[in-house]
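Residues are numbered in the numbering used here as their position in the sequence shown, beginning at 1, plus a constant of 26. We put the CB at the ideal spot given by N, CA and C, even for glycine.
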Amino acid sequence: NLKSEKNIPDGELIMGYGYDDTVMPEGGLLNRDDLDEAFPNNPVMVIHVSLHGAVLNSKALELYGISEKTETPPGGIIVRKPGTNEPYGLIMETAFLPIFAQLPKPSEDELMQQIKDGQMIYAEAGVTTAQEGASHLADVEIIQKAADNKALFIDVVSYPFITEFDTIFKLYSKDDFGKYNNKFKLGGIKITIDGSPQGRTALFTTPYLTGGPSGEENWLGESTFSQQEVNQMLKNVYDKGLQSLFHANGDGAIDMCIEAHEFASGGNPSKERRTTIIHSRSVSQDQLDKYVEYKMIPSLYTEHTFFFADAHIKNRGLEQASFISPMKTALEKGLRPAHHTDFNVAPIDQMMVVWTAVNRVSRNGEVIGAEERVSPYQALQAITSSAAYQYFEEDQKGTLKEGKLADLVILDNNPLKVDPMSIKDIQVLETIKEGSSLTKLDEQ
């Protein structure tokens with residue numbers, strides 16, 4: 027029994043991570059009753075693999091004030107027990123944000139240790155520049171303190187969340203953005219448009235084949251904010267001369283990004299701003315053409331072809347699923363797509379990132395969108411030189427050139443020469459940041 031093994035007393039919050047409804051046996055879904063049966067005396071929260079929500083048991087729902095009287099907020103999901111208005115456990119998107127804000131906070135000493143441990147996870151994976159992709163003010167203050175204490179040994183780029191816009195600028199000015207201070211940089215502002223396709227909360231222009239999370243029919247997904255709100259948000263960012271990173275998965279959400287860009291750009295949508303659409307999971311050909319015209323950057327997520335392909339085929343159909351993160355088409359159109367893990371939704375394993383872009387093979391061994399496979403070199407560019415370009419750091423990072431930072435990794439094999447299906451087995455032996463070794467792992 028996990029509770030007794032961990033010596034967890036009654037009444038203490040128990041948290042787990044990794045609930046993936048797309049791989050549940052026989053299509054069953056985790057719910058409040060299941061957790062109540064297993065943990066009758068503790069509030070329990072199992073975080074969804076997307077990090078966009080969680081399944082709560084009855085005691086946790088009570089702890090966070092979620093009941094049959096709780097209204098579902100715009101852009102949120104509260105799954106109800108069939109035939110009732112009682113919450114059945116799964117809380118997603120904007121409905122989860124108030125719960126997330128109330129989660130227990132570690133002590134300052136624990137935070138500093140976690141900052142060190144977190145950096146080592148990245149360093150051991152060969153990552154020398156990490157993104158804190160939707161920072162709240164408290165997150166920024168924590169990382170800033172670590173920087174002030176010279177506790178950062180990899181570069182960390184933070185994008186404060188748009189809801190923190192006013193509070194961030196009480197502490198920082200626009201001139202504080204775009205430059206490192208003891209390895210910490212404010213990169214710009216993050217705006218989240220929709221949820222995740224595997225959680226069926228991404229916004230599409232056509233209905234999900236499987237309906238909504240609560241059984242909704244003709245379900246398109248939902249946007250986090252209205253178009254009018256997003257337009258003004260982006261205008262506020264652009265008016266300060268700052269970069270924006272969008273989170274957008276569905277083609278409906280990407281449409282909103284493009285429309286907001288046109289509204290906010292002051293009649294000059296083709297100016298070089300390097301506005302980045304994180305995920306761009308279901309971007310269309312026409313939308314890629316707009317990216318080219320408006321100098322936008324798709325940060326793609328080909329790991330979906332492995333981890334979530336079966337769910338995407340079921341939810342969206344094979345044709346759309348085959349165009350997940352279309353890296354080859356993006357390159358052919360002249361774009362510079364970056365590439366990411368979305369850690370910890372997917373493991374921080376850069377060779378796995380490359381492997382999925384090169385092979386596009388699902389968990390079941392099926393090729394998903396063979397025409398979008400790229401070469402190992404192109405996949406490596408997406409996590410090196412193109413990623414540096416996304417951060418306006420191409421003069422410092424991303425290629426081996428005299429005068430740039432010596433941010434390097436030593437691998438146990440050459441991804442350009444091994445069998446493409448073996449790329450994911452390549453190990454990071456050593457990570458070097460600005461000429462200094464961060465890790466020295468024994469060769470396996």
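Using a Cβ-Cβ cutoff of less than 7 Å, which residues in the same chain neighbour residue i once the five nearest sequence positions on both sides are dropped?
i, result
"V256", "I217, I219, M282, A286"
"N390", "D336"
"A173", "N207, N208, K209, F210"
"N244", "P233"
Going by Cα to Cα distance, which pick from the options is closest to residue i?
i, options, result
"G109", "E94, P100, F122, K316", "E94"
"S462", "I452, D265, T154", "T154"
"N68", "H78, Q453, G91, M41", "M41"
"Q140", "A127, L178, A121, N111", "L178"
"P233", "K430, G213, Y415, K340", "K340"
"K261", "S291, F210, N111", "S291"
"L87", "I304, G424, P124", "P124"
"F369", "I34, G44, P35, E31", "G44"
"T250", "E398, F187, T410, E419", "F187"
"N13", "S252, V309, T302", "The question about residue 13 has no answer, for the chain in this structure spans 27 to 470."
"L326", "I215, Q416, E119, E319", "Q416"
"V81", "A372, T98, F122, P51", "F122"
"L455", "P363, L434, E63, G391", "L434"
"K443", "D336, A172, P402, P132", "P402"
"G225", "K211, Q258, H74, K354", "H74"
"F272", "I284, K266, L89", "I284"
"K430", "P99, N33, L437, E460", "E460"
Helix, strand or coil for residue i, going by three-state DSSP, please let me know.
i, result
"I219", "coil"
"Q76", "Note on residue identity: the sequence assigns Ser, not Gln, to residue 76. If DSSP states are grouped into helix, strand and coil, S76 belongs with coil."
"K459", "strand"
"I141", "helix"
"K211", "strand"
"A121", "coil"
"T332", "The sequence given here places Phe at residue 332; Thr does not occur at that position. F332 falls in the helix class under three-state DSSP."
"H366", "coil"
"V263", "helix"
"F187", "strand"
"S84", "helix"
"G276", "coil"
"D451", "helix"
"R106", "strand"
"G471", "Because the chain here runs from 27 to 470, residue 471 falls outside it and cannot be looked at."
"D46", "coil"
"M322", "coil"
"E298", "coil"
"T417", "A quick correction: the sequence has Tyr, not Thr, at residue 417. Of the three classes helix, strand and coil, the one that applies to Y417 here is coil, per DSSP."
"A151", "coil"
"D433", "coil"
"L344", "helix"
"L442", "coil"
Should residue i and residue j be called a contact, given that it needs their Cβ atoms to be closer than 7 Å?
i, j, result
"V182", "I169", "yes"
"N439", "I458", "no"
"L357", "Y317", "no"
"E288", "K321", "no"
"T410", "T328", "no"
"M118", "H162", "no"
"K423", "A414", "yes"
"L268", "G214", "yes"
"A432", "H365", "no"
"S252", "T301", "no"
"S76", "V371", "yes"
"K354", "V400", "yes"
"V380", "I449", "yes"
Assuming the contact rule is C-beta atoms closer than 8 Å, residue i and residue j should be a hit. Round their C-beta distance to whole Å, please.
i, j, result
"M377", "P324", "Not confirmed; about 21 Å, so no contact."
"G115", "N83", "7 Å"
"E248", "L229", "6 Å"
"S222", "I103", "Actually they are not in contact, since the Cβ atoms of S222 and I103 sit about 11 Å apart, beyond 8 Å."
"Q145", "I180", "5 Å"
"Y185", "G159", "6 Å"
"K196", "G204", "With 8 Å as the limit, K196 and G204 do not qualify as a contact, their Cβ atoms being about 19 Å apart."
"V72", "L55", "Contact flag wrong, Cβ pair sits at about 12 Å."
Which same chain residues end up closer than 6 Å to residue i when comparing Cβ atoms and leaving out the 5 residues on each side of it in sequence?
i, result
"I92", "P113"
"L14", "Because residue 14 is not part of the residues shown, which for the chain are 27 to 470, the question remains open."
"D468", "Only weak support exists for where D468 lies, its pLDDT of 43 falling under 50; the coordinates are left without a value."
"I374", "A151, T367"
"E420", "A414"
Give me, in chain order, the residues of the same chain whose beta-carbon lies closer than 8 Å to that of residue i; leave out the 5 immediate sequence neighbours on both sides.
i, result
"G395", "T331, A347, S348, F349, I350, P352, R386"
"R342", "P223, F230, Y234, L235, S308"
At the 7 Å Cβ level, is residue i part of the contact set with chain C, yes or no?
i, result
"D433", "Structure shown: chain C not included; a single protein chain is present."
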